[in-house]
């Protein structure tokens with residue numbers, strides 16, 4: 027039986043980061059991974075999805091090259107090569123994680139881990155490992171709705187959607203969160219007839235209402251169809267198609283499609299890991315933790331998707347560092363959830379941090395809202411990306427930034443500026459007094475703040 031100061035169960039973006047930080051702090055550390063280092067994010071999520079989207083974006087731009095004075099004839103794509111590039115990008119990054127763990131002297135153990143008592147873990151039902159502390163980082167999997175179980179043929183989850191052997195002629199995407207919207211944009215760009223069904227009254231329901239409405243118009247202009255306020259009934263899959271029946275606007279509808287992609291959220295991987303032998307408590311299938319990622323069982327921490335929303339890789343990584351530093355006796359800075367950015371890598375992109383307009387109003391505070399459109403920005407005109415908006419929300423009395431919401435080209439790269447401002451408790455004056463470079467898209471961030479307080483220059 028080998029003894030460790032810390033054993034991390036799960037080698038995803040939360041788990042491997044926690045292991046590296048713990049090792050840096052002098053802890054004898056091991057990671058147990060049942061499938062592949064990097065977890066869902068690097069292998070079947072964040073990274074390969076964005077690689078696919080980049081190929082689709084390039085293909086779309088080539089089809090509009092004449093707008094830039096460039097003639098392109100016979101532009102086409104090879105789905106096998108697009109997928110192969112995506113897989114290659116993931117493979118390189120996964121290999122890099124293995125190298126980082128080795129560099130930091132973290133022991134990597136392959137297999138399935140199960141808690142078997144105080145500080146005791148059994149791997150693959152036989153090998154015992156002793157740990158002073160344990161971090162559960164088992165992640166999550168695609169949520170399955172009753173009657174809509176994926177079959178790997180024409181009812182897909184994100185896994186099948188990432189490695190298509192050919193492009194279907196039509197597709198229904200159930201769910202308009204980040205995953206559903208990103209795949210809808212990818213397949214639409216390749217010429218697939220895409221319809222998105224959403225149970226909520228609007229798409230991207232966690233985003234600011236104004237931003238989600240603007241995004242929907244942009245997606246519809248590209249040919250994606252949407253039906254919101256939908257109540258699913260059933261599906262009937264045959265060898266060649268899937269018939270999906272649902273209720274929409276008080277009427278029963280049926281759509282026949284080649285592929286049905288289910289993107290209705292995730293479920294935490296809490297089964298078969300021995301939680302029943304601990305005091306750990308669950309809330310709707312996710313492990314309850316405090317600000318230091320501690321569970322109700324002393325010596326056991328939980329991070330990432332298995333520890334609840336928001337289900338984001340960067341949140342998992344940060345939680346991993348918090349847990350590792352807490353275990354090492356440090357005093358880590360705890361997460362303020364309203365300071366966690368969210369990004370959707372669609373076309374156009376969506377990015378946000380903090381409170382939406384509705385949530386800000388619900389606080390009872392007097393608020394000021396600034397807006398600046400892409401069409402009034404020089405760099406956006408240069409890029410040919412004039413559809414978009416930068417929206418900022420402030421406390422009218424204190425100048426505190428309450429939220430920032432963006433839709434448009436490259437906004438996922440710009441949101442960090444507002445994230446830094448929020449984390450540093452910056453005010454409107456801090457942002458107003460910051461000099462933004464010209465010509466850039468980021469100038470719109472400045473103008474939006476100015477507009478909130480009636481000081482705008484360029485609109």
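Residue numbers (the working numbering): 27 to 485.
We treat Cβ as the ideally placed atom computed from N, Cα and C, and that holds for glycine.
- Under the DSSP assignment, residue 476 falls in the alpha helix (DSSP H) whose first and last residues are 469-478.
- For the pair of segments examined, the segment 195-206 was found to touch the segment 280-288: the number of CB pairs separated by less than 8 Å reaches three.
- At a Cβ-Cβ threshold of 8 Å, residue 161 and residue 34 count as neighbours.
- Under DSSP, the beta-bridge partners assigned to residue 288 are 200.
- Remark: C-beta atoms of residue 163 and residue 291 do not approach each other more closely than 8 Å.
- Using a 10 angstroms sphere on the CB of residue 68, the tally of other CB atoms reaches 16 or more, which defines it as buried.
- CA-to-CA, the gap between residue 50 and residue 348 works out to about 13 Å.
- The DSSP-derived three-state label of residue 279 is strand.
- Spatial neighbours of residue 447 in its own chain (CB-CB distance under 7 Å, excluding positions within 5 residues in sequence) are listed in chain order as 427, 456, 457.
- Counting along the chain, residue 399 sits inside the beta strand (DSSP E) bounded by residues 393-399.
- Around the beta-carbon of residue 114, fewer than 16 other beta-carbon atoms lie within 10 Å, marking it exposed.
- Cβ-Cβ distances below 7 Å link residue 249 to 214 in the same chain, with the five nearest sequence neighbours on each side left out; the list follows chain order.
- In the three-state DSSP reduction, residue 88 falls in the helix class (H, G or I).
- The beta carbon of residue 323 is closer than 7 Å to those of 304, 305, 306 in its chain, skipping five residues each way along the sequence.
- Cβ-Cβ distances below 6 Å link residue 139 to 35, 58, 147, 149 in the same chain, with the five nearest sequence neighbours on each side left out; the list follows chain order.
- Shown here, residue 185 sits in a helix according to DSSP, grouped into three states.
- In this structure residue 450 is not in contact with residue 462, their Cβ atoms being roughly 17 Å apart against a cut-off of 8 Å.
- Annotation: residue 47 is outside any beta strand (DSSP E); the continuous alpha helix (DSSP H) that includes it extends over 41-50.
- The residues 396, 430, 474, 475, 478, in chain order, have a CB closer than 6 Å to that of residue 418 in the same chain once the five nearest residues on each side in sequence are set aside.
- Taking the Cβ atoms as the reference, residue 280 lies roughly 18 Å from residue 254, outside the contact range of under 8 Å.
- For residue 238, the enclosing alpha helix (DSSP H) has its first and last residue at 235-247.
- When secondary structure is reduced to three states using DSSP, residue 167 falls in the strand class.
- Between residue 189 and residue 131, the alpha-carbon positions lie close to 34 Å from each other.
- About 23 Å separates the CB atoms of residue 46 and residue 141; that is not less than 8 Å, and the two are not in contact.
- Ranked by Cα distance from residue 278, the first of 439, 264, 257, 383 is 257.
- Residue 103 and residue 84 have their C-alpha atoms some 10 Å from each other.
- DSSP, reduced to helix, strand and coil, places residue 214 within a helical segment of the structure shown.
- Residue 370: not part of any alpha helix (DSSP H); member of the beta strand (DSSP E) spanning 368-370, first to last residue.
- Residues 292, 293, 295 of the same chain have their beta carbon placed closer than 7 Å to that of residue 167, with the five preceding and five following residues left out of the count.
- Using a Cβ distance threshold of 8 Å, residue 319 and residue 345 count as a contacting pair.
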